[in-house]
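**Student:** Please read through the structure below; I'll follow up with questions.
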Amino acid sequence: MTAKELRSAWKTISCKIAENEAYLIGLDQQNGDGDLGLSLKNGFAAIVRYLDETDEEDLGRLFMGSAKTLNEASPSTLGTILSLGLSGMAKNLRGKSSADTGEIAEAMKQGLENIEKKAGSKEGEKTILDALYPALRALEEHRTASPETAWQAAADAAASGSERTRSLRAVHGRAAYYGEKSIGILDGGSAAGRLIFEALAERTP
18 MTAKELRSAW KTISCKIAEN EAYLIGLDQQ NGDGDLGLSL KNGFAAIVRY
68 LDETDEEDLG RLFMGSAKTL NEASPSTLGT ILSLGLSGMA KNLRGKSSAD
118 TGEIAEAMKQ GLENIEKKAG SKEGEKTILD ALYPALRALE EHRTASPETA
168 WQAAADAAAS GSERTRSLRA VHGRAAYYGE KSIGILDGGS AAGRLIFEAL
218 AERTP
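Numbering (this note's numbering), first residue to last: 18 to 222.
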C-alpha cells in the first residue's frame with residue numbers, strides 16, 4: 018500500500034458506506050440511536066477530502082491525520098473507536114511510504130490493541146471488533162498470498178464475524194440496556210466493519 022493506494026481505498030470505503038447508509042441506520046435503530054450510517058458517511062467523506070488535500074506520502078502521518086479528521090467529523094461512539102484504531106496503525110506505519118500485506122496486518126493489530134486499551138472493549142462483546150479481529154487473523158494467515166486473495170479472505174472473515182454477533186449479548190453502549198433482548202440482533206458496528214473490508218476486497222486488482 019502506498020499513499021496513492023490509501024487514497025483510492027478510502028474513496029472506495031466511503032462510497033460503500035454511503036451506499037449502505039440506510040441499511041446501517043436501520044440496524045442501529047434496533048438498539049442504538051440510529052445515527053450510525055450518517056455518522057460514518059460524514060466521517061469517511063471527510064477523510065477522503067483530507068487525503069485529497071494533502072501531498073503527504075508518509076503512511077503514518079496520513080493515518081494519524083485520518084484519525085483526527087474522523088474524530089472531528091464523526092462525533093459518535095464508533096467514530097471514536099475507529100479513530101483510536103487508525104491512530105494505533107499510524108504509530109506502526111510512521112516513516113513508511115509503502116507497506117505490504119504483512120505490514121498492514123501488523124499495523125492493524127496495533128490499532129485494534131489501541132481500541133481495546135482505550136475503549137475497554139474486546140472481541141466477543143458484540144462490537145465492530147467482532148468483524149475486525151477475524152479480518153486481521155485472515156490477513157495474517159494470507160500475508161504471503163496475493164493481495165487479491167488476502168483481502169478477499171479478510172472480507173469473508175469479517176462477514177462471518179459480523180454474522181456471529183447475532184448470538185452475542187451486547188455489553189457496551191445503549192445496546193447493553195437491552196440485555197438478553199440484544200441477542201438475535203445483528204450488531205451495526207460489526208456490519209460496518211464487514212462493509213469496510215468488502216470495499217477493500219472489491220478494489221484489490
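Glycine included, every Cβ here is placed at the ideal spot set by N, Cα and C.
Could you tell me which residues DSSP puts in a beta bridge with THR19?
**Tutor:** In the sequence shown, counting from the first residue as 1, residue 19 sits at position 2. In the DSSP output, where bridge partners are listed per residue, THR19 has SER115.
**Student:** Where THR86 and PHE80 are concerned, what is the direct C-alpha to C-alpha distance, given to the nearest angstrom?
**Tutor:** Taking the first residue of the sequence shown as 1, we reach residue 86 at position 69. Taking the first residue of the sequence shown as 1, we reach residue 80 at position 63. Roughly 10 Å separates the two Cα atoms.
**Student:** Kindly provide the ranges of any alpha helix (DSSP H) runs that are 4 or more residues long and lie completely inside the stretch 134–192, ordered along the chain.
**Tutor:** Runs found: 146–158 and 164–181.
**Student:** Do LYS33 and ILE213 count as a contact pair if the criterion is CB distance below 9 Å?
**Tutor:** As a working mapping, residue 213 is identified with position 196 in the sequence shown. As a working mapping, residue 33 is identified with position 16 in the sequence shown. Contact flag set, yes.
**Student:** Between LEU149 and ALA167, how many whole angstroms is the CB-CB distance? I'm expecting something under 8 Å.
**Tutor:** Within the sequence shown, residue 149 is the residue found at index 132, counting from 1. Within the sequence shown, residue 167 is the residue found at index 150, counting from 1. Contact doesn't hold; Cβ gap of about 15 Å is too wide.
**Student:** Please list, in chain order, all residues of the same chain as ASN88 whose beta carbon is under 8 Å from its beta carbon, the five residues on each side excluded.
**Tutor:** Against the sequence shown, residue 88 aligns to sequence position 71. Contacts found: GLY96, THR97 and SER100.
**Student:** For GLY205, I'd like the list of residues in its chain whose CB is within less than 7 Å of its CB, leaving aside the five on either flank, ordered along the chain.
**Tutor:** Counting from one through the sequence shown, the residue named residue 205 turns up at place 188. Result list for GLY205: LEU41, LEU44, ASP45, GLY49 and LEU53, in chain order.
**Student:** Taking the straight line between their C-alpha atoms, what separation do you get for TYR67 and SER83?
**Tutor:** Against the sequence shown, residue 67 aligns to sequence position 50. Against the sequence shown, residue 83 aligns to sequence position 66. One C-alpha to the other measures close to 7 Å.
**Student:** Cα separation between SER223 and SER138?
**Tutor:** The first residue shown for the chain is 18 and the last is 222, placing residue 223 beyond what the model contains.
**Student:** Leaving out five residues before and five after ALA122 in sequence, what residues of the same chain have Cβ atoms less than 7 Å from its Cβ?
**Tutor:** Mapped onto the sequence shown, residue 122 falls at position 105. Only LEU153, LEU156, GLU157 and ARG160 meet the Cβ criterion.
**Student:** Quick one: what does DSSP say THR97 is sitting in, helix, strand or coil?
**Tutor:** Reading the sequence shown from its first residue, position 80 is the one you call residue 97. Of the three classes helix, strand and coil, the one that applies to THR97 here is helix, per DSSP.
**Student:** According to DSSP, simplified to helix, strand and coil, what is MET69?
**Tutor:** Counting from 1 along the sequence shown, the entry for residue 69 is found at position 52. Reading off the sequence shown, one finds Asp at residue 69, where the question assumed Met. Of the three classes helix, strand and coil, the one that applies to ASP69 here is helix, per DSSP.
**Student:** Between GLU140 and the rest of its own chain, which residues show a CB-CB distance below 7 Å, the 5 nearest in sequence each way excluded?
**Tutor:** Along the sequence shown, read from residue 1 onward, the residue named residue 140 stands at position 123. Within the same chain, GLU140 has close Cβ partners LEU146, ASP147 and TYR150.
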